[in-house]
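**Student:** Below are the structure tokens for one structure; questions will follow.
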Ligand SMILES: Nc1ncnc2c1ncn2[C@@H]1O[C@H](COP(=O)(O)OP(=O)(O)O)[C@@H](O)[C@H]1O
Ligand SMILES: [Mg+2]
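In our numbering, the protein residues as written are 7 to 315.
Okay, structure coming up:
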């Protein structure tokens with residue numbers, strides 16, 4: 007029953023002993039949570055890369071979804087953000103257990119990524135739902151973060167992971183990403199900061215089962231990092247995938263510029279800012295995925311970024 011998706015297994019194995027220990031402990035953790043919250047376990051859900059996610063049934067017979075994250079994942083900030091959002095733009099939280107890194111959530115439907123919508127249509131839904139998600143109040147963990155934390159962190163990733171992954175892309179690509187990240191680390195005075203999701207790709211935006219307040223687009227986000235940042239960061243992340251399309255495009259720059267223009271027009275965020283965040287994210291995600299057991303996907307992302315520099 008406690009079956010981890012193949013992708014999440016790969017991520018756990020890439021963490022070595024601590025990942026293996028967590029996988030071994032997982033059935034016991036799930037059993038304890040089911041006892042604590044009076045849940046009947048159901049089928050696991052695939053689609054994530056890091057956590058155990060499964061359908062469960064609560065004591066009153068209604069459906070819910072249980073997520074158990076590995077202990078080295080950040081738990082408090084995402085959980086606080088989801089609680090603070092109170093269902094607006096985000097999944098509703100039903101319960102949380104910090105010591106087991108577990109969340110009990112309202113059950114949602116398929117991810118936006120699985121709808122088969124064209125990219126432009128997906129970007130429209132991502133932008134509209136982000137506009138709502140950004141209205142979440144900033145939570146305690148946020149107020150201490152420096153405005154440029156994210157960009158500084160991404161510069162650190164570029165410096166550490168490029169050599170650690172065996173320099174899998176050109177030095178020119180790293181230099182370009184570093185230059186953009188340095189610009190994002192020193193945003194223009196007055197740049198707005200909001201409670202960003204941090205990882206709003208179309209696999210983390212799920213359909214609600216029935217219309218409800220706070221889900222006006224028909225979708226809500228799961229799986230936030232939760233950070234205080236320029237909203238352009240979330241838009242950059244939202245458009246940093248679709249590497250297969252970028253790799254196949256006759257004019258990759260024109261294609262991807264179209265995406266940043268679309269997101270900027272939908273949100274009022276500066277287009278160049280979105281483009282730069284997206285470029286940095288494409289490179290750092292590629293390196294990050296390679297260093298966490300997802301070599302092929304990481305390499306494709308990096309190859310797509312090479313076409314955009
Ligand atoms: N509340 C939910 N209802 C239905 N499916 C969910 C829910 N939360 C997560 N999922 C499914 O599980 C997948 C992984 O969950 P996610 O929170 O994104 O974990 P990960 O950190 O592994 O990406 C999601 O992409 C989605 O398909
Ligand atoms: Mg996810």
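We put the CB at the ideal spot given by N, CA and C, even for glycine.
#1: Tell me which residues share the same chain as residue 149 and place their Cβ nearer than 7 angstroms to its Cβ, disregarding the 5 neighbours each side in the sequence.
#2: Going by CA-CA distance only, name the one from 223, 268, 282 and 233 that's closest to residue 242.
#3: Here's a check: name, in chain order, each residue in its chain whose Cβ is nearer than 7 angstroms to the Cβ of residue 100, leaving out the five neighbours to either side.
#4: Determine, using beta carbons only, whether residue 60 and residue 47 come nearer to each other than 8 angstroms.
#5: For residue 35 versus residue 106, is the C-beta spacing smaller than 8 angstroms?
#6: Who are the near neighbours of residue 303 in its chain, counting only those whose CB is closer than 7 angstroms to its CB and skipping five residues on each side?
#7: Quick check on residue 170: buried or exposed, where buried means 16 or more other Cβ atoms within 10 Å of its Cβ?
#8: Taking 6 angstroms as the limit, name every residue whose beta carbon sits nearer than that to some heavy atom of ligand 2, in sequence order.
#9: Just mark residue 156 as buried or exposed, buried being the case when its beta carbon has 16 or more other beta carbons within 10 Å.
#10: Could you check what DSSP says for residue 102 in three-state terms: helix, strand or coil?
#11: If you measure between the beta carbons of residue 9 and residue 299, is that distance less than 8 angstroms?
#12: Quick one: Cα of residue 85 to Cα of residue 31, how far?
#13: Please work out which residues of its chain come closer than 7 angstroms, Cβ to Cβ, to residue 184, disregarding the five sequence neighbours upstream and downstream, and give them in chain order.
#14: Rounded to the nearest angstrom, how far is the Cβ of residue 179 from that of residue 293, given a contact under 8 angstroms?
#15: Of all the options 53, 272 and 279, which has the alpha carbon lying nearest to the alpha carbon of residue 138?
#16: Could you say if the segment 212-220 and the segment 76-90 meet the contact criterion of at least three C-beta pairs nearer than 8 angstroms?
#17: Go ahead and pull the three-state DSSP assignment for residue 26.
#18: Ordered along the chain, which non-local residues of its own chain (more than five positions away) have a Cβ less than 6 angstroms from that of residue 191?
#19: So, at 7 angstroms on beta carbons, what are the nonlocal neighbours of residue 284 in its own chain, with the 5 sequence-adjacent residues on each side left out?
#20: Just the Cα atoms here: how many angstroms apart are residue 24 and residue 230?
**Tutor:** A quick look at the data gives this:
#1: Residue confidence is low: residue 149 scores 48 on pLDDT, short of 50, so the model does not pin down where it sits. Its coordinate-derived value is still stated next. So no residue of the chain qualifies.
#2: 282
#3: 70, 110, 111 and 112
#4: yes
#5: yes
#6: 295
#7: By the neighbour-count rule (16 or more Cβ atoms within 10 Å), residue 170 is not buried but exposed.
#8: 54, 209, 210 and 229
#9: In this structure residue 156 is buried. Its beta-carbon is surrounded by 16 or more other beta-carbon atoms within 10 angstroms.
#10: strand
#11: no
#12: 22 angstroms
#13: 161 and 164
#14: The pair is not a contact, with the Cβ atoms about 10 angstroms apart (cut-off 8 angstroms).
#15: 272
#16: no
#17: helix
#18: Same-chain partners within the cutoff: 154, 157 and 158.
#19: 242, 245, 246 and 266
#20: 23 angstroms
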